[in-house]
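Below: one structure, written as structure tokens.
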Amino acid sequence: MRVAADGLRLLGTVTLGALTALLDLAFLVLTLPFLGNPNVGVSARRLARLEARRLRLDLRALEALRPGPHDGRATGYLAARVPVGVLGGLVIALLVAGAVAVVRLVAAWSRGEPFDGMRPSAPLVAYFLVGGVVLLFLDLSGVVGVHAVERRLALRLLAPDPTEALERRIAELAESRAGIVTAVDSERRRIERDLHDGLQQRLVALSMLVGRARRGRPELLEQAHHEAQQALAELREVAWRVYPSGLDTLGLGEALAGVAERSSVPVTVECRLTRRPPMAVETAAYFVVCEAVTNAAKHAGASRITVEVAERDTAVVVHVRDDGRGGASPAGGGLSGLARRVAALDGGFEVHSPQGGPTAITAVLPCG
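Take the sequence shown: its letters are residues 6 to 373, numbered as in the working numbering.
Structure follows, in structure tokens:
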């Protein structure tokens with residue numbers, strides 16, 4: 006059943022391609038005197054985009070469909086695909102003609118009438134049966150071949166040059182590697198500030214309190230005990246910022262529940278994962294949520310934060326939304342570091358934070 010549905014869809018694609026080839030030919034003939042006009046380039050891109058959708062190609066990978074200096078590539082593609090579309094129309098016409106001939110033959114013989122002067126006999130039936138199957142196979146192979154040629158032609162003329170794509174990928178990797186180094190250095194500086202400005206100062210105060218208590222001030226022991234508890238809490242917070250140890254054993258959902266518990270603003274966490282993603286993806290998702298929750302609590306004046314983690318195809322999508330005042334800058338230290346961390350996994354990172362709010366942060370982390 007699946008094979009039959011795919012075959013019918015393929016026949017429909019090639020048939021539609023034969024019709025659009027005539028439309029493309031008419032467009033090229035009518036616009037030939039105006040090829041330098043920008044509107045012609047825009048119209049050519051629209052027609053090429055329709056052809057790409059007909060062939061079920063990823064439009065994002067077809068560089069020539071985007072506005073720019075490569076407008077002429079779309080026009081060249083339309084000109085190149087016209088003969089292929091016409092060839093597809095001829096193949097479909099042969100298939101239809103063969104089907105009509107078979108229907109007429111079967112109808113005539115079923116009524117006991119001769120077909121083209123021939124009456125049914127065992128050798129003749131065998132001849133038509135074998136010949137029809139062979140011709141059907143050849144015609145269907147032609148349909149598959151035309152469809153394959155059309156896809157290859159579209160990718161060859163509309164997609165970026167393989168060398169250019171490779172060079173662009175190398176540049177992206179070099180940029181993401183530099184971004185990772187910068188993000189790591191920034192994280193180290195933040196940890197140093199947390200240790201120096203927070204934990205270290207508290208431990209110094211604790212040491213002074215213990216010293217004074219030893220010199221005959223036992224009432225200070227309660228205050229020293231409180232300072233020790235605060236120092237432990239801050240040390241635990243710094244350790245979780247370095248790496249959440251519970252992530253290894255408890256998984257992403259429980260680790261994010263811990264983030265919600267430690268937040269000063271109410272946080273609702275909804276983690277819909279059917280299986281554990283790779284550790285690098287889990288770690289990136291965790292830090293995206295941590296940074297977003299921290300920013301919302303400290304800078305946005307939010308009263309509620311919503312965290313959603315779900316699967317989309319082969320990626321994990323993290324969406325954090327708060328009801329704060331907005332105005333978060335993607336170029337800020339924390340958010341830019343997250344963007345670099347996500348980019349290192351070939352993911353996507355988006356911040357939408359208009360003045361007045363709300364702020365929405367979305368990270369798409371591929372698992373492949």
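By construction, the Cβ of each residue, glycine as well, lies at the ideal position given by its N, Cα and C atoms.
Source: prediction; values computed, not measured.
Closest Cα partner of residue i within the set the options
i, options, result
"L16", "L95, G81 and F39", "L95"
"F142", "G12, G81, L21 and A348", "G12"
"T80", "L163, P128, L255 and A153", "L163"
"T279", "A285, D318 and R61", "D318"
"D351", "R54, A365, V369 and S334", "V369"
"V130", "V148, V107, G147 and D144", "V107"
"R78", "G41, P363 and Y132", "G41"
"R156", "A262, V286, P371 and L64", "L64"
"A49", "F354, L252, L62 and A85", "A85"
"A333", "H357, R174 and P128", "H357"
"G353", "V286, Q360, G362 and V47", "V286"
"V149", "Q360, R14, R346 and R71", "R14"
"A53", "L30, R281, F39 and L37", "L30"
"R51", "V138, P38 and L28", "L28"
"G147", "E316, A112, P38 and V91", "V91"
"P283", "Y132, P371 and V347", "P371"
"E316", "G362, G117, R281 and D166", "R281"
Identity of the residues DSSP links to residue i by a beta bridge
i, result
"R277", "A315"
"I310", "V272 and D327"
"E355", "T367"
"M123", "F120"
"A320", "R317 and P371"
Residue i vs residue j beta-carbon contact at 8 Å
i, j, result
"E56", "A159", "yes"
"Y82", "A69", "yes"
"V274", "V312", "yes"
"A23", "G93", "yes"
"A302", "S268", "yes"
"V151", "V89", "yes"
"V3", "V272", "Outside the modelled stretch of the chain, which goes from 6 to 373, sits residue 3, for which no answer is possible."
"I97", "V154", "no"
"V33", "R59", "The residue you asked about is not Val; residue 33 is Leu in the sequence shown. For L33 and R59, no; Cβs fall outside 8 Å."
"F4", "L134", "Because the chain in this structure spans residues 6 to 373, residue 4 falls outside the shown range and cannot be described."
"L257", "V314", "yes"
"A26", "V101", "no"
"P335", "A344", "yes"
"L252", "C276", "no"
"H324", "T254", "no"
"D144", "L99", "yes"
"P128", "W114", "no"
Beta strand (DSSP E) segment containing residue i, residue limits
i, result
"G256", "Run containing G256: none; DSSP gives neither H nor E here."
N-terminal and C-terminal residue of the alpha helix (DSSP H) that residue i is part of
i, result
"L24", "R7 to T36"
"C372", "That residue, C372, is in no alpha helix (DSSP H); it is neither H nor E in DSSP."
"S334", "That residue, S334, is in no alpha helix (DSSP H); it is neither H nor E in DSSP."
"P43", "P43 to R59"
"A301", "M284 to K303"
Residue-level contact to chain B via CB, residue i, 8 Å cutoff
i, result
"T279", "This model lacks chain B altogether, as it is built from one protein chain only."
Next item on the list: Flag this pair as touching only if the segment 327-334 and the segment 292-310 have three or more C-beta atom pairs under 8 Å; answer yes or no.
Entry: At 8 Å Cβ cutoff, the stretches touch.
Checklist line | Validate contact between the segment 335-343 and the segment 280-298 using beta carbons, cut 8 Å, 3 pairs | finding: As far as the Cβ criterion goes, the segment 335-343 touches the segment 280-298, which means the pair count is three or higher.
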